[in-house]
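Engineer: Sequential numbering from 686 applies to the sequence shown in my numbering. Cβ atoms here follow ideal geometry from the backbone N, Cα and C, with glycine treated the same way.
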Amino acid sequence: MLKSMTGFGKSVCELPNKKISIEIKTLNSKQMDINAKLPVFYREKETEVRALLTSRLERGKVDMYVNIENIGGYAECSINRDVIKAHFNELKQIAEELKQTPNDYMSLLMKMPDIYNTNTIEISDDEWLMFKAAIGSAIDKVEEFRLNEGNILTADFIKRIAIIETLLNSVEAFEVSRIQNIKDKLWKNLNDMLEASKIDNNRFEQEIIYYLEKIDITEEKTRLKKHLDYFTNTLNSESSQGKKLGFICQEIGREINTIGSKANDVQIQQIVVQMKDELEKIKEQLMNIL
Numbered sequence: 686m687l688k689s690m691t692g693f694g695k696s697v698c699e700l701p702n703k704k705i706s707i708e709i710k711t712l713n714s715k716q717m718d719i720n721a722k723l724p725v726f727y728r729e730k731e732t733e734v735r736a737l738l739t740s741r742l743e744r745g746k747v748d749m750y751v752n753i754e755n756i757g758g759y760a761e762c763s764i765n766r767d768v769i770k771a772h773f774n775e776l777k778q779i780a781e782e783l784k785q786t787p788n789d790y791m792s793l794l795m796k797m798p799d800i801y802n803t804n805t806i807e808i809s810d811d812e813w814l815m816f817k818a819a820i821g822s823a824i825d826k827v828e829e830f831r832l833n834e835g836n837i838l839t840a841d842f843i844k845r846i847a848i849i850e851t852l853l854n855s856v857e858a859f860e861v862s863r864i865q866n867i868k869d870k871l872w873k874n875l876n877d878m879l880e881a882s883k884i885d886n887n888r889f890e891q892e893i894i895y896y897l898e899k900i901d902i903t904e905e906k907t908r909l910k911k912h913l914d915y916f917t918n919t920l921n922s923e924s925s926q927g928k929k930l931g932f933i934c935q936e937i938g939r940e941i942n943t944i945g946s947k948a949n950d951v952q953i954q955q956i957v958v959q960m961k962d963e964l965e966k967i968k969e970q971l972m973n974i975l
């Protein structure tokens with residue numbers, strides 16, 4: 686059961702005097718990379734929030750946004766007028782020194798984080814439990830999204846593995862002609878260099894057998910078939926196995942490359958190119974698998 690690293694989940698938690706909206710977005714990443722934007726008065730719980738995200742989401746780039754809407758009472762922050770005045774005077778002085786036309790200072794000032802006075806409010810146990818449950822609900826939706834994406838990718842992988850297997854089976858049709866073409870080519874080259882009467886046919890056949898053993902691709906085809914089956918079986922594992930599937934792809938690629946280098950046949954090499962193309966598409970999608 687594959688699971689994508691791409692996901693999205695949203696939940697809403699309503700308290701007596703405020704409504705909390707939580708959004709979690711995830712993307713692919715080799716490590717766990719969390720960017721949690723929490724309100725100031727929830728910062729004390731940041732460690733616990735990060736631990737919850739890590740335990741549930743395992744890996745990926747995680748962006749968490751928390752928005753609070755006051756639905757009763759007063760806002761829990763106010764504007765620091767002295768700080769705004771100080772910033773305003775500095776900006777105005779800089780503009781005069783640079784001989785620049787004054788711009789809309791207020792739009793710049795309101796973006797500065799230090800202009801707000803935030804009252805430190807201790808979170809009650811009940812509020813924390815509700816907030817934590819809302820995070821869990823958002824994570825559940827992210828996991829559902831990831832599983833749906835994983836199912837789509839699984840179907841695509843199965844299709845491409847089947848294509849590679851079909852291409853592998855098509856190699857058989859060129860095996861006999863490949864061997865005969867190699868024999869004819871070697872015999873022609875030998876005739877061009879020596880007189881026919883000086884060629885030892887028995888020795889020639891022995892050398893042909895030795896040479897054909899060197900370029901035989903039977904073992905590579907057998908191993909490739911086993912790797913394809915192993916890949917398909919791993920897709921059906923209970924847990925997502927993105928890294929393991931990546932390692933299997935490396936082995937599949939190794940056998941395909943060996944078949945191509947040993948083939949010494951245009952038709953087979955064209956088939957190898959098609960197999961490589963399908964494998965590359967699988968590798969690209971595996972980058973997004975957990």
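DSSP three-state label for Met690, please.
Structural biologist: Position 5 of the sequence shown, counted from the start, is the residue given in the question as residue 690. Three-state DSSP puts Met690 in coil, outside helix and strand.
Engineer: If you follow the alpha helix (DSSP H) that Lys928 is part of, which residue opens it and which one closes it?
Structural biologist: What you label residue 928 is simply residue 243 of the sequence shown in a count that begins at 1. 927-948 is the span of the alpha helix (DSSP H), which, as asked, contains Lys928.
Engineer: Excluding the five sequence neighbours on either side, which residues of its own chain have a C-beta within less than 6 angstroms of the C-beta of Ile719, listed in chain order?
Structural biologist: The residue you call residue 719 lines up with position 34 of the sequence shown. Excluding residues within five positions, the ones whose Cβ falls inside 6 angstroms are Arg735, Leu738, Val747.
Engineer: I need the boundaries of the alpha helix (DSSP H) containing Met960, first residue and last residue.
Structural biologist: The residue labelled residue 960 in the question sits at position 275 within the sequence shown. Met960 -> alpha helix (DSSP H) spans 951-971.
Engineer: Check Glu923 in the structure and name its three-state DSSP category.
Structural biologist: Sequence index remark: in the sequence shown, residue 923 carries index 238 (1-based). Glu923: coil per DSSP, three-state reduction.
Engineer: Among the residues of its own chain, which have a CB less than 6 angstroms from the CB of Arg863, if the five just before and after it don't count?
Structural biologist: Here residue 863 is taken as the residue at index 178 of the sequence shown, counted from 1. Around Arg863: Asp950.
Engineer: Considering only residues of the same chain and omitting the five flanking positions on each side of Met797, which have a CB-CB separation below 7 angstroms?
Structural biologist: As a first step, residue 797 must be located in the sequence shown, where it is residue number 112. For Met797, where only same-chain residues beyond five positions count, the Cβ hits under 7 angstroms are His772.
Engineer: What did DSSP end up calling Lys770 once you bin it into helix, strand or coil?
Structural biologist: Locating residue 770 in the sequence shown gives position 85, counting from the first residue. Looking at Lys770 - three-state DSSP - the assignment turns out to be helix.
Engineer: Can the beta-carbon of Thr917 be found closer than 9 angstroms to that of Leu687?
Structural biologist: In the sequence shown, counting from the first residue as 1, residue 917 sits at position 232. In the sequence shown, counting from the first residue as 1, residue 687 sits at position 2. No, the Cβ-Cβ distance between Thr917 and Leu687 is not below 9 angstroms.
Engineer: Please determine, among Leu776, Cys698, Ile707, Met791, the residue with the shortest C-alpha to C-alpha distance to Ile756.
Structural biologist: For the purposes of this step, residue 756 is identified with residue 71 of the sequence shown, where counting begins at 1. Comparing Cα positions, the closest option is Cys698.
Engineer: So who's on the other strand from Gly745, going by DSSP bridges?
Structural biologist: The residue labelled residue 745 in the question sits at position 60 within the sequence shown. Gly745 is bridged to Met717.
Engineer: From the DSSP output, read off the bridge partner residues of Leu712.
Structural biologist: Walking along the sequence shown from the start, residue 712 turns up at place 27. In the DSSP output, where bridge partners are listed per residue, Leu712 has Lys746.
Engineer: How many angstroms separate the CA atom of Leu852 from the CA atom of Ala823?
Structural biologist: For this step, residue 852 is matched to residue 167 along the sequence shown. For this step, residue 823 is matched to residue 138 along the sequence shown. About 44 angstroms.
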